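Numbering (the numbering used here), first residue to last: 879 to 1175.
In this text, a Cβ means the ideal position worked out from N, Cα and C, and glycines have one as well.
All values derive from a computational prediction rather than experimental measurement.
Step one of this worksheet: look at the structure below.
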Amino acid sequence: MTQASWDDFRIAYQVAKSGTLTKAGNLLQMNHATVLRHINRLEEALDTKLFIRHQRGYQLTDAGELVVKEIPDIQKSFSRLENLMSSAEKNISGNLRITTLSDFSPLLNPALKAFRQAYPKLRIQIIATDDVIPLATGAAHVSLRAGGQPNEPDLIVKKLNPPDINYYAADSYVEEYGLPINEDEYNQHLWALPSIEKRKIPFVKQILKHINEEQIIYQSNHFPDIHNAVIEGMAIGPMGVHHANKCDNLQKLDIQFDTTIEGLWFVYHKDLKSSARIQALFGFLEQSLGSLPLSKL
């Protein structure tokens, strides 16, 4: 008889939440075939179908509903045990799962490389997603969030210094169009800005007060696309100061308003308050993150 593992149940739960193997695989960082193999093994071990497969995705059967209903509580128990054990660790080692925005994750790599050099026994997993992953499930140990301060009762929230940003134009753009001298001239220029879902970011919202929609000639929900458009001379757009300083063809716009990020938050569950891994990571990021390039947000 096939034996099911806890991973099989955990993956089935993610498929139930996501609705498709592909979405679940993206969150779990597994390919489609691996996710399907876990589902098939679990159904074989339980000798019952948990999902109905159809063109729009995976729908739970009645048996699947019963199984999935119990998984969150079991997952929390496993997670709490893991967290309590990790809190007692003397050496900083083991797995460290960090979730953050998909656009922001590449920013962490320089810092995490240095962090691992300081603690070589650590293994780091990044979960890049625009969704907020509940830390109580143990899917991640730390969440790095941008925007308003998280206020969930079971979380510990610490503020990090956000990287500096500004608006830039390439030399080729300036040669053709010049640079706006003041806010009254912003509407005479071309802009590369985030698409609708990311326009609530304060430094984007501020600039939108001074330009018409038709002057935004390039949009993307992915900040690296915007950076490349600016570097190529298509338009004026936002970039991290450190990142822009590495480009020898950019000129900074004299912005008259605050371009800082509303907030960058280091978030973890209260069960991990004594974890040496978590405290070491926060201390490291607190010292180093403000000097890193905002190549992603």
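{"Check": "Are three or more beta carbon pairs between the region 1040-1053 and the region 1097-1117 nearer than 8 Å?", "Outcome": "yes"}
{"Check": "Can you say whether residue 904 is buried or exposed, counting buried as having 16 or more other CB atoms within 10 angstroms of its CB?", "Outcome": "buried"}
{"Check": "Please report how far the alpha carbon of residue 1000 lies from the alpha carbon of residue 1162, in whole angstroms.", "Outcome": "14 Å"}
{"Check": "Comparing C-alpha positions only, which one of 1076, 1075, 1067 sits nearest to residue 1088?", "Outcome": "1067"}
{"Check": "Helix, strand or coil for residue 966, going by three-state DSSP, please let me know.", "Outcome": "Confidence at residue 966 is low in this model, with a pLDDT of 49, below 50, so the placement of that residue should be treated as unreliable; the coordinate-derived value is given next. Here residue 966 sits in coil by DSSP."}
{"Check": "Which term fits residue 884, buried or exposed, when burial requires 16 or more other beta carbons within 10 angstroms of its beta carbon?", "Outcome": "exposed"}
{"Check": "Expressed to the nearest angstrom, what Euclidean distance is found between the alpha-carbon atoms of residue 1100 and residue 1021?", "Outcome": "20 Å"}
{"Check": "Exposed or buried, residue 1165, counting other C-beta atoms within 10 Å across all chains shown (16 or more means buried)?", "Outcome": "exposed"}
{"Check": "Who does residue 1144 pair with in a DSSP beta bridge?", "Outcome": "1022, 1036"}
{"Check": "Count the other CB atoms, across all protein chains shown, that sit within 10 Å of the CB of residue 900; report buried if there are 16 or more and exposed otherwise.", "Outcome": "exposed"}
{"Check": "Based on Cα-Cα distance, which residue from 1074, 907, 895 lies nearest to residue 929?", "Outcome": "895"}
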